[in-house]
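Position in the sequence shown (from 1) plus 41 gives the number in the numbering used here.
In this text, a Cβ means the ideal position worked out from N, Cα and C, and glycines have one as well.
Since the structure is predicted, the reported quantities are computational estimates derived from the model, not experimental observations.
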Amino acid sequence: MGDARRPGTEEWVPEKGGLPVLREAVQGCRGCELWERATQAVFGDGGERARIMLVGEQPGDREDRTGEPFVGPAGRVLDEALRTAGIERDQVYVTNAVKHFRFEERGKRRIHKKPDVGHVTACRPWLEAELRAVDADVIVCLGATAARAVLERPVKIGEERGRVLDHDGRLVVVTVHPSAVVRLREAEERAVAVAGLAGDLRLASDAVRPD
Ligand code: URA
Ligand code: SF4
């Protein structure tokens, strides 16, 4: 793979108009090559006034088709963890570090392929625009790709979860990616993982500033 980053993503990112304008503009982004094979860009979903922003990795197969983040199997795990943590999905803004689906074709199936650091870097201006527009109190990074995108350094989730971090004046909590839970086969292991994810979400929710 060549250098995924091409200069000029910023040119596509409008400075005014908030989330609706950004959501429309992202469809025209050519900041890396991922737009070419994806169905559409999947922008974040949720209110401009959400106090918690959740950041995933990139859309999956379902998200690519529907245009909404976290609506497939990983989304179901996320919803379950949010429910356990006592957080409504409409209290949060949900997005991804990379807005287009990267995949490999195996027969008729499209298999998720992890984005390169270059894709995350190329897509960072969109995430930055969402961080600014929503201005949540707490950012939750779901998995290492999101953590790297938000904290702008490599992150080992196991070492840094369970506490509230500070980055550029933003409160940040890192946790596992819900897809890692989807892959667990044993019911007991899965329950422990969902509880862990829910615990980290509760930590984030407790860090929200009171009104
Ligand atoms: N995984 C992600 O990181 N994001 C989605 O939107 C779906 C699956
Ligand atoms: Fe642009 Fe991000 Fe899509 Fe690449 S993945 S084309 S940077 S929106």
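Residue i - DSSP class collapsed to helix/strand/coil
i, result
"residue 251", "coil"
"residue 73", "coil"
"residue 222", "helix"
"residue 201", "helix"
"residue 113", "coil"
"residue 120", "helix"
"residue 59", "helix"
"residue 101", "coil"
"residue 83", "coil"
"residue 194", "coil"
"residue 141", "coil"
"residue 230", "helix"
"residue 90", "coil"
"residue 189", "helix"
"residue 12", "Residue 12 lies beyond the stretch modelled for the chain, which goes from 42 to 252, so this question has no answer here."
"residue 241", "helix"
"residue 54", "coil"
"residue 67", "helix"
"residue 209", "coil"
"residue 96", "strand"
"residue 215", "strand"
Closest residue to residue i among the options (Cα-Cα distance)
i, options, result
"residue 73", "130, 146, 165 and 153", "165"
"residue 60", "174, 140 and 78", "174"
"residue 107", "233, 81, 70 and 91", "81"
"residue 152", "83, 99 and 200", "99"
"residue 248", "222, 71 and 214", "214"
"residue 123", "250, 243, 251 and 252", "243"
"residue 118", "252, 238, 246 and 251", "238"
"residue 84", "160, 94, 65 and 148", "65"
"residue 97", "111, 127 and 223", "111"
"residue 186", "142, 137, 252 and 202", "137"
"residue 67", "188, 233, 171 and 190", "171"
"residue 154", "161, 142, 162 and 53", "142"
"residue 75", "212, 234, 135 and 162", "162"
"residue 54", "207, 105 and 168", "168"
"residue 245", "90, 94 and 88", "94"
"residue 223", "121, 240 and 126", "121"
"residue 77", "135, 105 and 90", "105"
Pairwise C-alpha distance: residue j and residue i
i, j, result
"residue 114", "residue 56", "34 Å"
"residue 196", "residue 150", "31 Å"
"residue 198", "residue 216", "6 Å"
"residue 101", "residue 144", "8 Å"
"residue 178", "residue 130", "16 Å"
"residue 79", "residue 71", "12 Å"
"residue 230", "residue 133", "27 Å"
"residue 86", "residue 148", "31 Å"
"residue 92", "residue 176", "8 Å"
"residue 44", "residue 159", "At residue 44 the pLDDT is 41, less than 50, meaning the model places this residue with poor confidence and gives no usable figure here."
"residue 180", "residue 193", "13 Å"
"residue 183", "residue 219", "7 Å"
"residue 58", "residue 140", "19 Å"
"residue 211", "residue 228", "35 Å"
Could you please go through the chain and list the residues whose beta-carbon is closer than 5 Å to any non-hydrogen atom of the ligand URA? Going along the chain, the residues that qualify are 97, 98, 100, 101, 104, 110, 111, 115 and 137.
Quick one: which unbroken alpha helix (DSSP H) runs of 4-plus residues sit fully inside the stretch 152-180? Chain order, please. Scanning the stretch 152-180 for uninterrupted alpha helix (DSSP H) segments of 4 residues or longer gives 158-175, listed from N- to C-terminal end.
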